[in-house]
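Its first residue numbered 80, the sequence shown is counted upward by one per residue in our numbering. Glycine included, C-beta positions come from ideal geometry on N, C-alpha and C.
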Amino acid sequence: MPMVWGSNPPVDPRFPEARPPVLILLDPDAGPQQRATVRDQLLRLDVTTDEVVVGARHGLVVTGGTKRPADSLARIPGVAQVVPLAEAQTRVAATLADGPRTVQLGNARFGGGHVSLIAGPCTVEDADVLRQVARAVRDAGAVALRGGVFKVRTSPSSYQGGGRKALDDLSATARELGLPFFTELTDPRQVAEVGELVDGVQIGSRHMQNFPLLVEAARLGKPILLKRHMAASAGEWLDAAEYVLREGNEQVVLCERGVKSSHRHVRNMLDVGVVPWLKQRMGLPVVVDPSHAAGDHRLVPALARAAITAGADGLLVEVHPCPETTSCDAAQALPPEVFAQLAADVRQLVAMDGRTLCEPADTPVNGSARPAARDAGGEPSAASSALES
Ligand code: PEP
Ligand code: MN
80 MPMVWGSNPP VDPRFPEARP PVLILLDPDA GPQQRATVRD QLLRLDVTTD EVVVGARHGL
140 VVTGGTKRPA DSLARIPGVA QVVPLAEAQT RVAATLADGP RTVQLGNARF GGGHVSLIAG
200 PCTVEDADVL RQVARAVRDA GAVALRGGVF KVRTSPSSYQ GGGRKALDDL SATARELGLP
260 FFTELTDPRQ VAEVGELVDG VQIGSRHMQN FPLLVEAARL GKPILLKRHM AASAGEWLDA
320 AEYVLREGNE QVVLCERGVK SSHRHVRNML DVGVVPWLKQ RMGLPVVVDP SHAAGDHRLV
380 PALARAAITA GADGLLVEVH PCPETTSCDA AQALPPEVFA QLAADVRQLV AMDGRTLCEP
440 ADTPVNGSAR PAARDAGGEP SAASSALES
């Protein structure tokens, strides 16, 4: 029985004839003949159809028509799934069709039962401190490094990041330790200048709707860590993801980092509920950044554990060995030993769920081996990034 995704969105009473569009995904083995038959059946309903191809799947976007409840569309032979498109996120919604996706960079895998930890400083300043924190997080179990080099600061007087020099340090440290890294790009021009150097592009909260940046970053064909804007609805966030997917890049990892609220006890209000909500609507992985939600290192472990329990496919955590020396987000930086404890907790939580915490390789390409092998190991993987479904 084909799956009907969600319920029919409500019809606007002012325009009863204007039903919201739906995406019909056809059976994976539907050939040209069957596609034509489905289209003919639909045309009898007085609708308009547009063919779309999503990955290896064929689909039809159906608009118009007065008598087309989703469950009757789902009964047409050859139809695998009917997805309401109230917000026109056709590519994003279609990622549900083949089951959860996995986005991979090096040993890091997000989604499809794989959980990965990304950790590092908010911003890259001193190269030695960077190496120290990178080693510590890798030894604790992080499989990807994070570090800001082009910082987006609310005040122009604040530290703006170390730029190209910091990016070179980040890249060298990541290579030395055999870890892939994410860094935030803030301007489409940076994509052309430094895009080749990065393993994964972080789109920061303030740039979630920087559409030219989304398009340029997507065209790199590398994983995109798409943070939710601090005031964005979940639908607006998915619209931003849709921009990336429409460039042919489906390696998107959504990152919840808390939304603005009037409450001052946390920096941002972590929307834990959005994690299962998203997972019911699309197949892309979702990670959580508890650091920018908490704004206070003492709150970070609890939020991180809550996120994993809610089904997050990974965490993005700020870690710093001497936060008193950093120019950025000192209050929320976890000391390395607290991160190590958090990683151990996550390993247990993930195992209880029947999922796997990915682990760094024991022997990095150019660097020292990790001191201790651990039990729940991730599977070996290719160094290049890839997307599976
Ligand atoms: C960051 O990751 O350091 C950052 C600036 O995050 P956000 O864009 O979520 O504020
Ligand atoms: Mn930060």
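Could you tell me if the beta carbon of residue i falls within a distance shorter than 7 angstroms of some heavy atom in ligand 2?
{"i": "ASP392", "result": "no"}
{"i": "HIS371", "result": "yes"}
{"i": "GLU263", "result": "no"}
{"i": "GLU397", "result": "yes"}
{"i": "CYS407", "result": "yes"}
Among the options, which one has its Cα closest to the Cα of residue i?
{"i": "LYS301", "options": "ASP318, GLY274 and ARG325", "result": "GLY274"}
{"i": "GLY352", "options": "HIS342, ALA159 and VAL367", "result": "VAL367"}
{"i": "ALA410", "options": "VAL398, ILE103 and ALA115", "result": "VAL398"}
{"i": "GLY327", "options": "VAL345, ALA310, LEU357 and VAL294", "result": "VAL294"}
{"i": "LEU349", "options": "ALA320, ALA389 and VAL140", "result": "ALA389"}
{"i": "GLY143", "options": "ARG285, PHE290 and LEU124", "result": "LEU124"}
{"i": "LEU22", "options": "GLN113, VAL162, GLN160 and VAL216", "result": "In this structure the chain extends from 80 to 468, so residue 22 is not present and cannot be described."}
{"i": "THR233", "options": "LEU246, LEU258, ALA223 and GLY283", "result": "GLY283"}
{"i": "GLY279", "options": "LEU299, ALA386 and ASP108", "result": "LEU299"}
{"i": "PRO156", "options": "VAL117, GLN183, THR128 and VAL133", "result": "VAL117"}
{"i": "LEU184", "options": "ARG360, PHE261 and ASP266", "result": "PHE261"}
{"i": "THR169", "options": "PRO99, PRO111, ALA153 and ASP432", "result": "PRO99"}
{"i": "GLN359", "options": "GLN160, ILE197, LEU139 and ALA172", "result": "ALA172"}
{"i": "ASP108", "options": "ARG343, VAL131 and ALA135", "result": "ALA135"}
{"i": "ARG384", "options": "LEU357, GLU403 and VAL417", "result": "VAL417"}
{"i": "ARG254", "options": "PRO402, ARG434, LEU105 and VAL222", "result": "VAL222"}
{"i": "THR127", "options": "VAL133, LYS306, ILE103 and ASP375", "result": "ILE103"}
{"i": "ALA373", "options": "ALA115, GLU335 and VAL331", "result": "GLU335"}
Check whether the Cβ of residue i lies closer than 7 angstroms to any heavy atom of ligand 1, and answer yes or no.
{"i": "GLY55", "result": "Outside the displayed range of the chain (80 to 468) lies residue 55, so it cannot be described from this structure."}
{"i": "VAL231", "result": "yes"}
{"i": "ARG254", "result": "no"}
{"i": "ILE336", "result": "Here residue 336 is Arg; the residue named in the question, Ile, does not match the sequence. For ligand 1, at least one heavy atom lies less than 7 angstroms from the Cβ of ARG336."}
{"i": "GLY199", "result": "no"}
{"i": "ASP368", "result": "yes"}
{"i": "LYS244", "result": "no"}
{"i": "LYS306", "result": "yes"}
Considering only residues of the same chain and omitting the five flanking positions on each side of residue i, which have a CB-CB separation below 8 angstroms?
{"i": "GLY362", "result": "THR174, LEU175, ALA176, ASP177, GLY178, PRO179, ARG180, GLY190 and SER468"}
{"i": "GLU166", "result": "Note that GLU166 has pLDDT 49, beneath the 50 cutoff, so the model's placement of it is unreliable and the number below is only indicative. The answer, listed in chain order, is GLY314, LEU317 and ASP318."}
{"i": "ALA311", "result": "MET287, GLN288, ALA319 and VAL338"}
{"i": "TYR238", "result": "THR202, LYS230, ARG232, SER406 and CYS407"}
{"i": "CYS401", "result": "VAL208"}
{"i": "ALA187", "result": "SER195, ILE197, VAL222, ALA223, PRO259, GLY393 and CYS437"}
Under the three-state reduction of DSSP, which class applies to residue i: helix, strand or coil?
{"i": "ALA159", "result": "strand"}
{"i": "ARG343", "result": "coil"}
{"i": "HIS286", "result": "helix"}
{"i": "PHE261", "result": "strand"}
{"i": "GLY242", "result": "helix"}
{"i": "THR21", "result": "Look at the range of the chain in this structure, 80 to 468, and you will see that residue 21 is not part of it."}
{"i": "PHE418", "result": "helix"}
{"i": "LEU483", "result": "No answer is possible for residue 483: the residues shown for the chain start at 80 and end at 468."}
{"i": "ASP129", "result": "strand"}
{"i": "VAL398", "result": "strand"}
{"i": "LEU139", "result": "strand"}
{"i": "PRO99", "result": "coil"}
{"i": "SER250", "result": "helix"}
{"i": "VAL212", "result": "helix"}
{"i": "GLY191", "result": "coil"}
{"i": "GLU335", "result": "strand"}
{"i": "GLY227", "result": "strand"}
{"i": "THR181", "result": "strand"}
Which same chain residues end up closer than 6 angstroms to residue i when comparing Cβ atoms and leaving out the 5 residues on each side of it in sequence?
{"i": "THR405", "result": "HIS399"}
{"i": "PRO380", "result": "LEU421"}
{"i": "PRO200", "result": "VAL212, GLY226 and HIS399"}
{"i": "ALA297", "result": "VAL323, GLU326 and ASN328"}
Identify, in the order they occur along the chain, each residue of the same chain with its Cβ nearer than 7 angstroms to the Cβ of residue i, setting aside the five sequence neighbours on each side.
{"i": "VAL228", "result": "VAL203, GLY240, GLY241, GLY242, ALA245, LEU246, LEU249 and THR262"}
{"i": "ALA391", "result": "VAL354, VAL365, VAL366 and VAL367"}
I'd like to know if residue i contacts chain D, where contact means its C-beta is closer than 8 angstroms to some C-beta of that chain.
{"i": "SER370", "result": "In the displayed structure, chain D is absent; only one protein chain is listed."}
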